[in-house]
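Residue numbers (the working numbering): 1065 to 1281. Note sheet for the following structure.
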């Protein structure tokens, strides 16, 4: 009898935790909210969002999400970095869309399963750190592009025209990049790195079954 009671208690505990992990359910009613935020040149995202960020003359932030979930999506600028995350677990029925504009963008950190599209990048050095199963698409031009990918993330940056690229990809992550002069690429796991352009200096290191290959447009 004690074993039955204990087992029943464990089941109830698992069900309770499972219900809590599902979080606040979305109402299904979309609402768009414009937020006032401080200037930023770095972006850190964790969660499941569709984000479009454009380098432009002003700083702006607009969020489209279910009305009862907006309050749990936080947007805070800390030392020049815009941090977007959920203050508690949520379970949306409809996609969360975030539209941003900033005069300068030097870094993107992405974790979780967010999709991020960034355009108009024009920097001397641009850095990317992608973990989880996110997707990043980049447009613009830079002198030096540094990218670190882990997990099952995917990077598309063949229209981020870079002179020098240093990329480290692990796990099942994959990348498509453009580089014109120098490429340093480290690949481990089962992912692939495909590069466009005709760099004269190419250094690669591969462990695992992944591939690093040059492609033509």
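For every residue, glycine included, the Cβ atom is placed at its ideal position computed from N, Cα and C. As the structure is a prediction and not an experimental result, all values here were calculated from the model.
Limits of the unbroken beta strand (DSSP E) element including residue 1190:
Locating residue 1190 in the chain shown gives position 126, counting from the first residue. Per DSSP, residue 1190 belongs to the beta strand (DSSP E) from 1179-1194.
If we require 3 or more residues per run, which beta strand (DSSP E) segments fall completely within the region 1218-1273?
1218-1233, 1238-1253, 1256-1260 and 1265-1272
Taking residue 1122 as the reference, which of 1105, 1134 and 1269 has the closest Cα?
Locating residue 1122 in the chain shown gives position 58, where the first residue counts as 1. Here the closest residue by C-alpha is 1105.
Taking its Cβ as the centre, do 16 or more other Cβ atoms sit within 10 Å of residue 1232, making it buried, or is it exposed?
Mapped onto the chain shown, residue 1232 falls at position 168. It counts as buried.
Given a threshold of 16 other Cβ atoms within 10 Å of its Cβ, counted over all protein chains shown, does residue 1207 qualify as buried or as exposed?
Taking the first residue of the chain shown as 1, we reach residue 1207 at position 143. It is exposed - the Cβ of residue 1207 has fewer than 16 other Cβ atoms within 10 Å.
Contact set for residue 1244: own chain, Cβ-Cβ below 8 Å, skip 5 residues either direction
Position 180 of the chain shown holds residue 1244. Closer than 8 Å at the Cβ level, and outside the excluded window around residue 1244, lie 1225, 1226, 1227, 1261, 1262 and 1263.
Taking the alpha-carbon positions, what's the residue 1155 to residue 1269 distance?
Mapped onto the chain shown, residue 1155 falls at position 91. Mapped onto the chain shown, residue 1269 falls at position 205. For residue 1155 and residue 1269, the distance between alpha carbons rounds to 41 Å.
With contact counted as at least three CB pairs below 8 Å, one residue from each stretch, are the region 1099-1115 and the region 1154-1170 in contact?
yes
Report all residues from its chain with a CB closer than 6 Å to the CB of residue 1070; omit the five preceding and five following residues, and keep chain order.
Residue mapping note: residue 1070 aligns to position 6 of the chain shown, counting from 1. For residue 1070, the pLDDT reaches just 36, beneath the cut-off of 50, and the residue's location in the model is therefore unreliable, leaving the point undetermined.
Under the three-state DSSP convention, the category residue 1275 falls into:
Walking along the chain shown from the start, residue 1275 turns up at place 211. Of the three classes helix, strand and coil, the one that applies to residue 1275 here is strand, per DSSP.
Could you please give the first and the last residue of the uninterrupted beta strand (DSSP E) stretch that includes residue 1104?
Here residue 1104 refers to the residue found at position 40 of the chain shown. From DSSP, residue 1104 is part of no beta strand (DSSP E); its letter is neither H nor E.
Could you check the C-alpha separation between residue 1188 and residue 1257 for me, to the nearest Å?
To locate residue 1188, count along the chain shown from 1; it is residue 124. To locate residue 1257, count along the chain shown from 1; it is residue 193. Computed Cα separation, rounded: 23 Å.
Exposure label - residue 1093; buried when at least 16 CB within 10 Å:
Here residue 1093 refers to the residue found at position 29 when the chain shown is read from its first residue. Burial call: exposed.
Counted within 10 angstroms of its Cβ, other Cβ atoms place residue 1277 as buried (16 or more) or exposed:
On the chain shown, residue 1277 is found 213 positions in, with the first residue counted as 1. Classification for residue 1277: exposed.
Under the three-state reduction of DSSP, which class applies to residue 1158: helix, strand or coil?
For the purposes of this step, residue 1158 is identified with residue 94 of the chain shown, where counting begins at 1. Reduced to three states, the DSSP call for residue 1158 is coil.
Between residue 1083 and residue 1090, what straight-line distance do the alpha-carbon atoms span, to the nearest angstrom?
Within the chain shown, the letter at position 19 stands for residue 1083. Within the chain shown, the letter at position 26 stands for residue 1090. In this prediction, residue 1083 scores a pLDDT of 44, lower than 50, which makes its location untrustworthy; the coordinate-derived value is nonetheless stated afterwards. When rounded, the distance between both Cα atoms is 14 Å.
In whole angstroms, what is the alpha-carbon distance linking residue 1235 and residue 1250?
Taking the chain shown and counting its residues from 1, one reaches residue 1235 at position 171. Taking the chain shown and counting its residues from 1, one reaches residue 1250 at position 186. Cα-Cα distance, rounded: 12 Å.
For residue 1152, which residues from the same chain have a beta carbon less than 6 Å from its beta carbon, with the 5 sequence-adjacent residues on both sides left out?
Numbered from its first residue, the chain shown carries residue 1152 at position 88. Hits under 6 Å: 1136.
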